[in-house]
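Participant: In order, the protein sequence lines correspond to chains A and B.
Here this note's numbering is used: the first sequence runs in plain steps of one and ends on residue 357.
Here this note's numbering is used: the second sequence runs in plain steps of one and ends on residue 681.
A single structure is presented below for examination.
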Amino acid sequence: MAEPIIEVSDLVKHYPLTRGVLFRKQVGAVRAVDGVDFHLGRGETLGIVGESGCGKSTVAKMLVNLERPTAGSIRYKGEDITRLSGRALKAVRRNIQMVFQDPYTSLNPRMTVGDIIGEPYDIHPEVAPKGDRRRRVQDLLDVVGLDPEYINRYPHQFSGGQRQRIGIARGLALRPEVIVADEPVSALDVSVQAQVINLMDRLQREFELSCVFIAHDLSIVRHISDRVGVMYLGRIVETGTDTEIYEHPTHPYTQALLSAVPVPDPEAREHRERIILSGDVPSPTNIPSGCRFRTRCWKARERCAREVPALAVPAWFRTGGGPAAHDSACHFAADGSIGRSAPGQVVPLEGHGGGPG
Amino acid sequence: MLLEVRDLHVEFRTRDGVARAVNGVSYGVDEGETLAVLGESGSGKSVTAQAIMGILDVPPGRITGGEVVFQGRDLLKLKEDERRKVRGAEMSMIFQDALSSLNPVLSVGDQLGEMFTVHRGMSRKDARAKAVELMDRVRIPAARERVKQYPHQFSGGMRQRVMIAMALALEPALIIADEPTTALDVTVQAQVMELLAELRREYRMGLILITHDLGVVADVADRIAVMYAGRIVESAPVHDIYKAPAHPYTRGLLDSVPRLDLKGRELYAIKGLPPNLTHIPPGCAFHPRCPLARDVCRTDEPPLHEVADTRGSACHFWRECLNG
Chain A
1 MAEPIIEVSD LVKHYPLTRG VLFRKQVGAV RAVDGVDFHL GRGETLGIVG
51 ESGCGKSTVA KMLVNLERPT AGSIRYKGED ITRLSGRALK AVRRNIQMVF
101 QDPYTSLNPR MTVGDIIGEP YDIHPEVAPK GDRRRRVQDL LDVVGLDPEY
151 INRYPHQFSG GQRQRIGIAR GLALRPEVIV ADEPVSALDV SVQAQVINLM
201 DRLQREFELS CVFIAHDLSI VRHISDRVGV MYLGRIVETG TDTEIYEHPT
251 HPYTQALLSA VPVPDPEARE HRERIILSGD VPSPTNIPSG CRFRTRCWKA
301 RERCAREVPA LAVPAWFRTG GGPAAHDSAC HFAADGSIGR SAPGQVVPLE
351 GHGGGPG
Chain B
358 MLLEVRDLHV EFRTRDGVAR AVNGVSYGVD EGETLAVLGE SGSGKSVTAQ
408 AIMGILDVPP GRITGGEVVF QGRDLLKLKE DERRKVRGAE MSMIFQDALS
458 SLNPVLSVGD QLGEMFTVHR GMSRKDARAK AVELMDRVRI PAARERVKQY
508 PHQFSGGMRQ RVMIAMALAL EPALIIADEP TTALDVTVQA QVMELLAELR
558 REYRMGLILI THDLGVVADV ADRIAVMYAG RIVESAPVHD IYKAPAHPYT
608 RGLLDSVPRL DLKGRELYAI KGLPPNLTHI PPGCAFHPRC PLARDVCRTD
658 EPPLHEVADT RGSACHFWRE CLNG
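Shown next as structure tokens:
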């Protein structure tokens with residue numbers, strides 16, 4: 001395993017819910033992120049997938065210090081960055097940069113492209129001396145596949161895909177070691193998505209970046225990631241290499257998620273096994289006891305309501321090894337290889353309308 | 358044929374000139390058939406649907422030519438009050454964004470019931486009972502209690518079910534679903550698509566599914582029409598198109614989506630951008646982005662060549678494309 005550049009342990013972010021104007025009292029909390037652990041190796045791409053409201057964007061914001069965690073730590077090269085302030089924080093921020101989802105709102109419409117990409121140098125002047133900046137910005141434009149002549153144009157003169165390239169160039173300006181990309185292609189058209197994904201793939205190799213790639217699209221995450229973490233309701237429920245997760249998922253949620261992804265192959269539709277989950281994701285203000293997925297899980301038993309399953313390699317896979325032996329937070333984890341029917345494996349064919357809860 | 362669109366043209370007047378959103382689209386849907394209209398933003402897929410439904414914004418939009426023949430009548434020739442009788446009762450539409458398509462100040466039950474009071478002249482009490490029945494049918498749990506609730510009290514998936522219930526209310530012969538699951542998470546998308554497919558079979562409705570998602574199309578469609586810059590560039594049964602596309606744009610789209618089952622290859626990226634509709638390139642609109650483009654493509658607009666019995670491709674070099 002590559003040496004970790006970021007280690008996240010027991011990360012928690014709760015947003016308090018208050019009532020009353022004069023006497024404000026806390027009546028509850030939105031538990032957006034509720035105990036997340038992962039590490040990011042040097043030069044590695046970690047994909048984080050999950051549905052809306054699972055807390056993946058909140059994790060991204062905490063990684064770049066746009067939000068302070070309620071508890072837990074984020075270690076960058078061994079140093080906990082969640083407690084930093086002032087100069088020390090600024091130094092760390094230089095090395096962890098973010099690419100945002102919406103290229104339409106994340107670029108200032110009144111600034112030229114040159115100013116947008118060059119702004120990081122105003123904040124961190126030590127990276128590029130004043131006289132050198134224009135050339136650097138033009139180099140960056142070239143690197144992300146835009147004409148360096150465009151330096152004086154404004155964001156509205158560009159298409160969505162081109163704007164996302166500008167956002168990426170800004171993220172790269174300070175030569176960071178880590179890039180956190182939150183849904184960088186989901187606002188783009190299909191034919192343009194591929195251009196941006198290929199660009200990010202190439203830049204990651206060229207600049208030896210470590211990436212956290214957050215998305216809801218499982219196919220894109222698989223394409224770009226070395227390792228994948230699956231989030232549900234504020235927690236990572238399963239994590240492993242892309243093959244482990246996509247070909248040997250052991251957590252029921254991952255299995256359901258994967259089976260729900262439409263595959264662009266009409267031949268497959270007759271003999272695909274689909275798990276249709278019942279119900280909706282519970283509210284993060286009122287998280288179920290025990291395993292938080294149990295209210296939608298077809299395997300849930302009494303134990304699931306009592307005990308919180310730990311994110312670890314299930315004991316029954318530990319001895320045998322193999323691709324099913326990876327971290328999975330389920331009491332009844334079982335290898336549910338997708339698209340293959342090995343004997344003795346449990347893959348339900350139909351949705352279970354009357355699941356518990 | 359339940360619905361046949363023939364050579365439809367729609368323009369929009371904009372500050373930058375006339376945007377030709379739809380330039381001669383023809384397609385048809387049979388009873389019980391699912392036609393997927395596939396295209397990127399600005400391809401004209403939604404505008405075509407709006408013209409069929411008669412909900413196009415006029416002005417700035419304008420239908421400049423063509424016919425929309427539905428159950429033997431050209432809808433474009435009907436008067437507005439006759440059109441209104443068709444809309445909702447004979448054909449209905451499901452929109453992408455359920456939250457902004459539902460009225461936030463009316464309860465869900467009132468909105469569903471309105472279909473029956475307006476079109477069928479039912480009493481409010483009977484309409485309310487019908488609303489509950491419909492909500493049951495689209496599997497909204499606890500329909501009797503939830504019928505009194507407002508749209509904001511429903512989750513995204515449940516709201517989309519309300520939209521579906523509303524579209525189904527009068528048992529129309531045709532439903533047009535414009536990106537019905539784009540705003541939903543994948544597990545919820547699976548629920549909604551499954552429901553839609555089931556109801557379609559049950560009522561034997563025709564379905565036009567407008568989408569940009571090649572995966573969703575492969576799952577549910579019988580036929581596909583691929584749109585680019587306001588024209589249909591390829592039209593074919595679903596199995597044929599995925600096996601061997603006959604238009605370079607379709608091929609490009611198929612190769613540019615990352616797939617769960619194929620990892621590690623670099624994605625094919627269609628170069629360039631979709632055209633500006635006020636300045637559609639002459640000849641074949643796709644030629645500036647096309648790997649097969651030659652001189653003839655810059656000057657002559659390709660007709661929809663017959664590739665096979667039920668298959669067409671608007672490419673001069675469809676044979677080449679078909680053979681990979």
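We put the beta carbon where it would ideally sit given N, CA and C, even for glycine.
Since the structure is predicted, the reported quantities are computational estimates derived from the model, not experimental observations.
1. Using 8 Å as the limit for Cβ to Cβ distance, is Ile637 of chain B near chain A?
2. Apart from the five residues just before and just after Val590 of chain B, which ones in its own chain have a Cβ nearer than 8 Å to its Cβ?
3. For the region 256 to 275 of chain A, enumerate the residues whose C-beta is nearer than 9 Å to any C-beta of chain B, in chain order.
4. Do you know offhand how far Gln546 of chain B's Cα is from Arg518 of chain B's?
5. For the putative contact between Gly572 of chain B and Ala540 of chain B, defined by C-beta atoms under 8 Å, what is the C-beta separation to the nearest angstrom?
6. Closer than 7 Å by beta-carbon distance: list the chain B residues that pair up with Val358 of chain A, in chain order.
7. Could you check what DSSP says for Met562 of chain B in three-state terms: helix, strand or coil?
8. Look up Cys641 of chain B in the DSSP assignment and say whether it is helix, strand or coil.
9. Express the C-alpha separation of Leu257 of chain A and Gly339 of chain A in angstroms, rounding to a whole number.
10. Decide if the region 197 to 206 of chain A is in contact with the region 123 to 132 of chain A; the criterion is three or more beta carbon pairs, one per stretch, under 8 Å apart.
11. Quick check: Val465 of chain B and Pro264 of chain A, are their CB atoms within less than 8 Å of each other?
12. Please classify Pro659 of chain B: is it buried, with 16 or more other beta-carbons within 10 angstroms of its beta-carbon, or exposed?
13. Taking contact to mean 3 or more Cβ pairs, one atom from each stretch, closer than 8 Å, check whether the region 547 to 559 of chain B and the region 240 to 250 of chain A are in contact.
14. Assign Ala586 of chain B to one of three DSSP states: helix, strand, or coil.
15. Starting from Asn380 of chain B and walking both ways along the alpha helix (DSSP H), at which residues does that stretch end?
16. Thr635 of chain B to Ser383 of chain B, Cα distance in whole Å?
17. Just to confirm, is the Cβ distance from Asp182 of chain A to Ser283 of chain A under 8 Å?
18. In chain order, what residues of the same chain lie with their CB nearer than 8 Å to the CB of Ile116 of chain A, ignoring the 5 residues before and after it?
19. Given a threshold of 16 other Cβ atoms within 10 Å of its Cβ, counted over all protein chains shown, does Gln380 of chain B qualify as buried or as exposed?
20. Could you check whether Val99 of chain A and Pro184 of chain A sit closer than 8 Å to each other, using their CB atoms as the reference points?
21. Put Pro602 of chain B into one of helix, strand or coil per three-state DSSP.
22. Pull up the CB-CB distance for Leu188 of chain A and Gly160 of chain A, whole angstroms please, since I reckon it's below 8 Å.
23. Ser458 of chain B touches chain A at which residues, Cβ-Cβ below 9 Å?
24. Hey, out of B:Arg481, B:Val664, B:Ala524 and B:Glu390, whose CA is closest to Ala455 of chain B's CA?
25. Could you give the distance in angstroms between the alpha-carbon of Pro639 of chain B and the alpha-carbon of Leu679 of chain B?
26. DSSP three-state label for His596 of chain B, please.
27. Keeping to the same chain, check which residues put their C-beta closer than 7 Å to that of Ala626 of chain B; ignore five residues upstream and five downstream.
28. Report the neighbours of Ser512 of chain B on chain D: residues whose CB is nearer than 9 Å to its CB, in chain order.
29. Output, in chain order, the set of chain B residues within a Cβ distance shorter than 7 Å of Ala194 of chain A.
30. Which residues in chain A sit within 9 Å of Ala547 of chain B, going by Cβ to Cβ distance?
31. How is the beta strand (DSSP E) around Gln195 of chain A delimited, first residue to last?
32. Based on Cα-Cα distance, which residue from B:Ile497, B:Gly478 and B:Val504 lies nearest to Ala486 of chain B?
33. Who pairs with Cys678 of chain B in a beta bridge, going by DSSP?
34. Establish whether the CB of Ala671 of chain B and some CB of chain A are separated by less than 8 Å.
35. For Gly229 of chain A, which residues from the same chain have a beta carbon less than 6 Å from its beta carbon, with the 5 sequence-adjacent residues on both sides left out?
36. Please report how far the alpha carbon of Lys610 of chain B lies from the alpha carbon of Tyr104 of chain A, in whole angstroms.
Facilitator: Working from what's here:
1. no
2. Shown here for Val590 of chain B: same chain residues with a beta carbon closer than 8 Å to its own, the five before and five after excluded, namely Val583, Met584, His604, Tyr606, Thr607, Phe643, Ser670, Ala671 and Cys672 in chain order.
3. Within the region 256 to 275 of chain A, the residues whose Cβ lies closer than 9 Å to some Cβ of chain B are Ala256, Leu257, Leu258, Ser259, Ala260, Val261, Pro262, Val263, Pro264, Asp265, Pro266, Glu267, Ala268, Arg269, Arg272, Arg274 and Ile275, listed in chain order.
4. 11 Å
5. So it is not a contact: roughly 16 Å between Cβ atoms.
6. There is simply no residue 358 of chain A to check, as chain A begins at 1 and stops at 357 in what is shown.
7. coil
8. coil
9. Annotation note: pLDDT 45 at Gly339 of chain A (below 50); position unreliable, no value reported.
10. As far as the Cβ criterion goes, the region 197 to 206 of chain A does not touch the region 123 to 132 of chain A, which means the pair count is below three.
11. In this structure, Pro264 of chain A does not lie closer than 8 Å to Val465 of chain B by Cβ.
12. buried
13. Contact between the region 547 to 559 of chain B and the region 240 to 250 of chain A is absent, because fewer than three Cβ pairs lie under 8 Å.
14. In the structure shown, Ala586 of chain B sits in coil (DSSP, three-state: anything other than H, G, I, E or B).
15. Note, Asn380 of chain B: premise wrong, no alpha helix (DSSP H); beta strand (DSSP E) at Gly374 to Val386.
16. Each residue's alpha carbon lies about 21 Å from the other.
17. no
18. Leu107, Asn108, Pro155, Ile166 and Arg170
19. Note on identity: in this sequence residue 380 of chain B is Asn, with Gln being the wrong assignment. Per the 10 Å Cβ criterion, buried.
20. yes
21. coil
22. 5 Å
23. In chain order: nothing, as chain A lies at least about 19 Å away.
24. For Ala455 of chain B, the nearest C-alpha among the options comes from B:Ala524.
25. In this structure, the alpha-carbon of Pro639 of chain B lies about 24 Å from that of Leu679 of chain B.
26. helix
27. Excluding sequence neighbours, Ala626 of chain B sits near Ser613.
28. In the structure shown, chain D does not exist; the protein chains are A and B.
29. Ser613, Leu624, Tyr625 and Ala626
30. Ala256, Ser259, Ala260, Val261, Pro262, Arg274, Ile275, Ile276, Leu277 and Gly351
31. Here Gln195 of chain A belongs to no beta strand (DSSP E); instead the alpha helix (DSSP H) covers Val190 to Glu206.
32. B:Val504
33. Partner(s): none; Cys678 of chain B has no beta bridge.
34. no
35. Excluding five sequence positions before and after Gly229 of chain A, the CB atoms of its chain that fall closer than 6 Å to its own CB belong to Phe38, Ile48, Ile236 and Thr239, given in chain order.
36. Per the sequence shown, the amino acid found at residue 610 of chain B is Leu instead of Lys. As the crow flies, the alpha-carbon of Leu610 of chain B is around 24 Å from that of Tyr104 of chain A.
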